[in-house]
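Working notes for the structure below.
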Amino acid sequence: MFRINHNYTLLPGSYLFSEIARRVADFQAAHPEAEIIKMGIGDVTRPLCPAVVDALHQAVEEEAAAETFCGYGPEQGYPELRTLIARTDYRERGIDIDADEIFVSDGAKSDTGNITDILAADSKIAVTDPVYPVYVDTNVMGGRGGMLNADGRWSRITYLPCTEENGFCPALPATRPDVVYLCYPNNPTGTVLSREELTKWVDYCRREGVLLLFDAAYEAFVRTPGVPRSIYEIEGARETAIEFRSFSKTAGFTGIRLGYTVVPKELTGVDACGNKVGLHGLWKRRQTTKFNGASFLTQRAGEALYSPEGQQQVKEGIDFYLSNAATIREGLDAIGLRHVGGSDSPYIWVNSPEGMTSWEFFNLLLEKYHIVCTPGSGFGKAGEGYVRLTAFNSAERVAEAIKRLKSHSL
Ligand code: PLP
27 MFRINHNYTL
37 LPGSYLFSEI
47 ARRVADFQAA
57 HPEAEIIKMG
67 IGDVTRPLCP
77 AVVDALHQAV
87 EEEAAAETFC
97 GYGPEQGYPE
107 LRTLIARTDY
117 RERGIDIDAD
127 EIFVSDGAKS
137 DTGNITDILA
147 ADSKIAVTDP
157 VYPVYVDTNV
167 MGGRGGMLNA
177 DGRWSRITYL
187 PCTEENGFCP
197 ALPATRPDVV
207 YLCYPNNPTG
217 TVLSREELTK
227 WVDYCRREGV
237 LLLFDAAYEA
247 FVRTPGVPRS
257 IYEIEGARET
267 AIEFRSFSKT
277 AGFTGIRLGY
287 TVVPKELTGV
297 DACGNKVGLH
307 GLWKRRQTTK
317 FNGASFLTQR
327 AGEALYSPEG
337 QQQVKEGIDF
347 YLSNAATIRE
357 GLDAIGLRHV
367 GGSDSPYIWV
377 NSPEGMTSWE
387 FFNLLLEKYH
397 IVCTPGSGFG
407 KAGEGYVRLT
417 AFNSAERVAE
427 AIKRLKSHSL
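One rule links them: number in the numbering used here = place in the sequence shown (from 1) + 26.
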């Protein structure tokens, strides 16, 4: 009999969202009259903006006519889109990135997972805790996790706690990993790192020869002046970092799928003999072999985001979510719950009331206020005692949720 990849059998089931769904369904069955407000959703709620809708219609027409029909495109993305990305997202902001360092894809989840293909099988990985689970699970699939401990942590992975005690800033690891994942603005905490903090990380990674995988899926939410939106704003990052970006939350592309990854030409690792090898070439080889490009329609839609109307409409969409986030933060302040995030991010990370676990607070919010959150412990051990709220909702439902919270004490 053939054998399967044993590492998959080590992964625990994805308990978090199924358990939330089960608890909500049980509660709704017992209280059919309750109007539940979902404040834990990590998916956008606004439709595509008009510039994108027009571009999609136009692209369908192009695909429908023999003269303009496009089949397979370049695996790394159409040059028009790559040029727009390099120019608008980087060069116009004073960041040195070339169009051929941009690899267009179907989203940041695929890329943050697939990047493990070009890492040594025994690489040591470091992640923040709490963490976007894809970084951990994809490394476990590749055999880099070791064994799962009783506390839910993997024996070969280094965890860098981000809690109220350290201001949600991960400390440099005590022992050198080969690869470190940072995600800022962060999912789930909604916090950002200052230029000084990011400089500390880039300097460390360069000094120690560590690959920095920087997930900037939420960069468009940054509004605080001076907070970097790209790791390449930090000097030296081209030699040590890969950056992932997504149009999902920026432009409501969670359904139509588009993202990109930046692999600078200077970035090198070593092979089994100690020879330097460029990661740009490796990722290009990986993508051209295993990926056939993001769809023509989606890339056309992506191009439309860079038109003046597209840029304006994207900004309006993000402003809308940030205004929801501000409403949530004001409401939490009013009822005396400590929280971070929500000013440069759609996520708000809330301390459970004194002594309550994440799930206890989840139950309280569901039973007393009919509000659904995401328990922080589902994102890692250091997430215990917190819950995540999101701004992805209508303004009316956010206002209603806050009204409920203010109307009865916790
Ligand atoms: N990275 C982070 C930190 C995320 O939170 C998400 C989605 O929730 C993704 C990546 C996935 O993005 P995409 O929809 O582009 O695959």
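Each residue gets a CB set at the ideal place from its N, CA and C atoms; glycine is no exception.
Measuring only between beta-carbons, confirm whether residue i sits less than 7 Å from chain B.
i, result
"Val206", "Checking the listed chains, one finds no chain B in this structure; it contains a single protein chain."
Are residue i and residue j closer than 7 Å when you measure CB to CB?
i, j, result
"Glu410", "Ser403", "yes"
"Ile260", "Thr225", "yes"
"Ala327", "Leu82", "yes"
"Arg249", "Asp115", "no"
"Val289", "Asp297", "no"
"Cys77", "Ser333", "The displayed chain sequence assigns Ala, not Cys, to residue 77. Going by C-beta atoms, Ala77 is nearer than 7 Å to Ser333."
"Tyr161", "Tyr210", "no"
"Leu348", "Val340", "no"
"Tyr373", "Gly133", "no"
"Val157", "Gly406", "yes"
"Glu222", "Cys195", "no"
"Thr184", "Ala147", "no"
"Gly362", "Leu431", "no"
"Ala85", "Arg108", "no"
Taking 6 Å as the cut-off, is the C-beta of residue i nearer than that to any heavy atom in ligand 1?
i, result
"Ser272", "yes"
"Asn213", "yes"
"Cys399", "no"
"Cys209", "yes"
"Tyr373", "no"
"Asp241", "yes"
"Gly216", "no"
"Gly68", "yes"
"Tyr347", "no"
"Gly139", "no"
"Tyr395", "no"
"Lys291", "no"
"Ala134", "yes"
"Gly285", "yes"
"Tyr158", "yes"
Let's test the definition: count the other Cβ atoms within 10 Å of the Cβ of residue i and tell me whether it reaches 16, buried, or not, exposed.
i, result
"Asp359", "exposed"
"Asn175", "exposed"
"Pro214", "buried"
"Cys188", "buried"
"Ile30", "exposed"
"Gly343", "buried"
"Ser384", "buried"
"Arg364", "exposed"
"Asn419", "buried"
"Lys135", "buried"
"Lys429", "exposed"
"Thr35", "exposed"
"Arg233", "exposed"
"Pro58", "exposed"
"Lys150", "buried"
Looking only at C-alpha atoms, which of the options sits nearest to residue i?
i, options, result
"Arg312", "Glu101, Thr109 and Pro334", "Glu101"
"Thr314", "Asp163, Ser220, Thr215 and Val130", "Val130"
"Asn192", "Gly168, Asp69 and Asp155", "Asp155"
"Gly307", "Gly300, Phe317 and Glu292", "Glu292"
"Leu391", "Leu42, Ile63 and Ala56", "Ile63"
"Arg182", "Glu45, Leu198, Arg202 and Pro196", "Arg202"
"Ile282", "Leu323, Ala267 and Ala263", "Leu323"
"Glu335", "Gly66, Ala277 and Phe387", "Ala277"
"Ala246", "Ala197, Tyr185, Phe346 and Asn140", "Phe346"
"Tyr395", "Met27, Val50 and Leu36", "Val50"
"Pro251", "Arg264, Thr280, Ser220 and Leu239", "Ser220"
"Val218", "Asp241, Tyr185 and Pro199", "Asp241"
"Val70", "Val253, Ala91, Glu118 and Asn350", "Asn350"
"Gln54", "Glu426, Val398, Ala408 and His434", "Val398"
Using the three-state DSSP reduction, which class does residue i fall into: helix, strand or coil?
i, result
"His57", "coil"
"Val289", "coil"
"Asn377", "strand"
"Ser220", "coil"
"Gly409", "helix"
"Thr225", "helix"
"Cys209", "strand"
"Ile361", "coil"
"Leu436", "coil"
"Thr315", "helix"
"Pro105", "helix"
"Gly304", "strand"
"Val340", "helix"
"Lys150", "coil"
"Asp132", "coil"
"Phe247", "helix"
"Tyr34", "helix"
"Thr9", "The requested residue 9 does not occur in the structure, where the chain is confined to residues 27 to 436."
"Arg271", "strand"
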